[in-house]
Every structure is written in C-alpha cells, then in structure tokens.
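Using my numbering, the first residue of the sequence shown is number 9, and each one after it goes up by one.
From the three backbone atoms N, C-alpha and C, an ideal C-beta is built for every residue, glycine too.
All of these numbers come straight from a predicted model, not from anything done at the bench.
Some notes on the structure that comes next.
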Amino acid sequence: MSNGMGAPPSAWPLLAEPGCGVHAVSWYHRGLDASERPEDLDRVTVEDHAADLEAVMDAAGMDRAVLVGWSVGVNIAFAFARRHPERVAGILAVGGVPGDPFRVLFGPSGVLRELREPLGRLGAWGLRWVGPPVAAAASMLPPFLDSAQALVSLAGFPVPPGLKATGAVAREFATHPWTWYSRLVLAAGEQEPMDTGFATFPVTIVGGVLDNLADVDDLRRTARRLPRARFVPLLGGHFLPLQYPGRIHRELLDLVERSDLA
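If you want it as structure tokens, here you go:
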C-alpha cells in the first residue's frame with residue numbers, strides 16, 4: 009500500500025479485515041507519524057519514498073506484489089515499478105498518475121494547463137500557513153463522526169467502513185507538522201514526467217469526476233497509454249478510498265485476478 013501523502017493505513021479499513029482476500033502492508037512517509045525524518049532532510053523525493061516501499065516489501069518477505077497507490081502514492085508505486093518491474097504484478101492507481109503530479113491539478117476548476125504547476129507549487133508552500141487552521145477544523149470532525157457511528161450502531165445498522173476511515177484520517181491530519189508536510193509535497197512535485205513503457209503488468213486507474221487534485225481526463229489518457237489498463241471513473245473527489253471503500257476493494261480483487269498472483 010503506497011498511501012496518499014500523510015494518510016494513515018486506517019484510511020483503508022477493509023484491508024485490515026481477516027477475510028479481505030489479500031495480505032497488505034504499508035508504511036508512514038518520512039517524518040510523519042511513526043516515521044522519523046531522514047538525517048539528510050532533502051531525502052524526501054519520490055525516489056526516496058520508492059526506496060522505502062522496497063524496504064517494506066523486503067521486510068515483509070514479498071518478492072512480488074500488487075501495489076495500491078493513492079494520490080502521490082501512485083507516483084511512488086510507478087517509480088518503484090520502473091526500477092523493479094519484475095517485482096510488480098499490477099498497480100491499482102487511485103487519484104494519481106505516474107510522474108509530474110502537479111500537471112494534473114485543478115482539472116474541474118478550468119485552470120489553464122500551463123498554470124497548473126506554478127499554482128500547485130504556490131499551494132504546496134501555502135500549506136505552511138493554511139494547514140494549521142485546517143487541521144484545527146479537522147480535529148473537531150472525529151468527535152462528530154464518533155457520535156454518528158454510535159447512533160448508527162444503536163439503530164442496529166452496520167457502521168459504514170468509510171465513516172470509520174474518515175475519522176481516522178481526520179485525526180491523522182490534525183497532528184501533521186505542516187511546514188514539514190509542505191516540504192514533502194514540494195519535493196514530490198519535482199518528479200519528472202515518466203515514460204510508462206515498462207508497465208506491461210495489469211493496471212487499474214480509478215479517478216474521481218470531481219477531483220481537483222487529479223484531473224479525471226488526465227487519468228483516462230494515462231490509462232489509454234498503458235497496454236493492460238482498465239479505467240474506472242467514479243462520482244467523487246480526491247478521497248475516493250473514503251467515499252467508495254467497497255467499490256475500490258472490489259477493483260483491487262479484480263486486479264489480483266487479472267495478475268499472475270491469483
């Protein structure tokens with residue numbers, strides 16, 4: 009699991025269930041939550057995160073795996089796959105593309121393509137000041153969601169997994185060091201465009217029609233360039249794993265069936 013930048017593994021609650029059909033492992037990005045900052049503070053590029061993905065696979069004893077990427081995690085998954093295509097049986101890419109992440113920003117907003125990258129960098133810098141008040145607002149969300157879960161349980165209905173995951177993600181983002189987080193996003197944005205000729209394994213790309221951080225049209229074009237890709241548009245934004253946890257899990261199981269790990 010190559011997660012979205014700063015998202016906790018609990019954003020994917022179905023992967024923790026014993027009968028989910030897969031064995032999943034993940035990690036925290038450098039300097040966030042349980043992971044320490046590197047001694048060299050510049051070692052936070054996409055390639056550095058891809059090295060962490062490799063270390064996690066090695067530690068878990070996984071010679072090959074299907075990779076699940078979300079947002080910048082898609083860039084990281086493809087960066088690893090370019091370096092080690094023999095270790096990748098498939099990629100499920102949610103809300104992201106291989107290479108040059110800022111070029112897919114602001115699609116539904118109608119921002120001109122030549123303005124996307126500079127505005128993306130400006131927004132990443134702005135996280136240092138905007139992040140803390142947004143985090144303060146996010147910190148008020150989990151108690152509300154906890155109450156909603158309790159009411160759903162009292163009514164005798166199963167708690168939707170997306171409801172649980174949203175509370176976990178809100179708690180995580182409320183504790184981020186935002187100057188450091190801004191640095192991580194800016195470093196990820198330095199990734200160059202990527203030639204995906206190495207990607208001969210099956211790929212599923214899932215895009216949100218309302219996603220301002222990953223233009224659904226760019227995701228569709230990326231899928232067309234890959235020989236074994238399936239494109240899935242969903243009526244949602246950037247947080248599709250929280251909005252459609254069941255649907256995305258089914259796409260993962262379908263991808264596993266299309267791979268040679270099945």
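DSSP bridge partner residues for residue i (one or two, in chain order)
i    : result
T212 : L100, R238
W78  : V102
G107 : P201
S10  : G77
Where residue i falls, given that 16 or more other Cβ within 10 Å makes a residue buried
i    : result
S10  : buried
G164 : exposed
M148 : exposed
R232 : exposed
S43  : exposed
R90  : buried
E94  : exposed
T230 : buried
T208 : exposed
W78  : buried
L250 : buried
E200 : exposed
G12  : buried
G216 : buried
H31  : exposed
P16  : buried
W137 : exposed
Residue i versus the options, residue with shortest Cα-Cα distance
i    : options                : result
L248 : G14, G104, E55, A132   : G104
A87  : E62, R72, A67, M70     : E62
I99  : D219, F206, A222       : F206
R221 : L159, P210, V80        : Correcting the residue type first, residue 221 is Leu in the shown sequence and not Arg. With distances taken between Cα atoms, L221 lies closest to V80.
S267 : H257, L250, R236, V240 : R236
E47  : V54, E55, R38          : R38
A132 : V102, G69, L250, Y189  : Y189
S18  : G245, A178, L243       : A178
V214 : T183, Y252, F110       : Y252
S238 : G244, L250, G245, I256 : Correcting the residue identity first, residue 238 is Arg in this sequence and not Ser. Minimum Cα distance to R238 is reached at I256.
L127 : G12, V112, P140        : V112
T53  : S34, P109, P16, A15    : P109
R258 : E55, L162, T212        : T212
P141 : H31, G12, T183, V119   : T183
L234 : W20, A196, G12, A101   : A101
G245 : A24, A32, G69, S117    : S117
G14  : A73, L49, E55, R191    : R191
D50  : M70, P26, H31, A195    : A195
M202 : I84, L242, P169        : I84
Extent of the continuous alpha helix (DSSP H) to which residue i belongs
i    : result
Y252 : Here Y252 belongs to no alpha helix (DSSP H), and DSSP marks it neither H nor E.
L61  : 54 to 67
F247 : No alpha helix (DSSP H) contains F247, which DSSP labels as neither H nor E.
S43  : Premise fails: S43 is in no alpha helix (DSSP H) and is neither H nor E.
E122 : 121 to 147
L227 : 224 to 233
W188 : 186 to 196
E180 : 169 to 181
Inter-residue CB distance, residue i and residue j (contact presumed, cutoff 8 Å)
i    : j    : result
W186 : L130 : The pair is not a contact, with the Cβ atoms about 15 Å apart (cut-off 8 Å).
G115 : D262 : Not confirmed; about 26 Å, so no contact.
L159 : G175 : With 8 Å as the limit, L159 and G175 do not qualify as a contact, their Cβ atoms being about 14 Å apart.
A143 : F181 : 6 Å
L22  : P210 : The Cβ separation is near 20 Å, so there is no contact.
V82  : P106 : 7 Å
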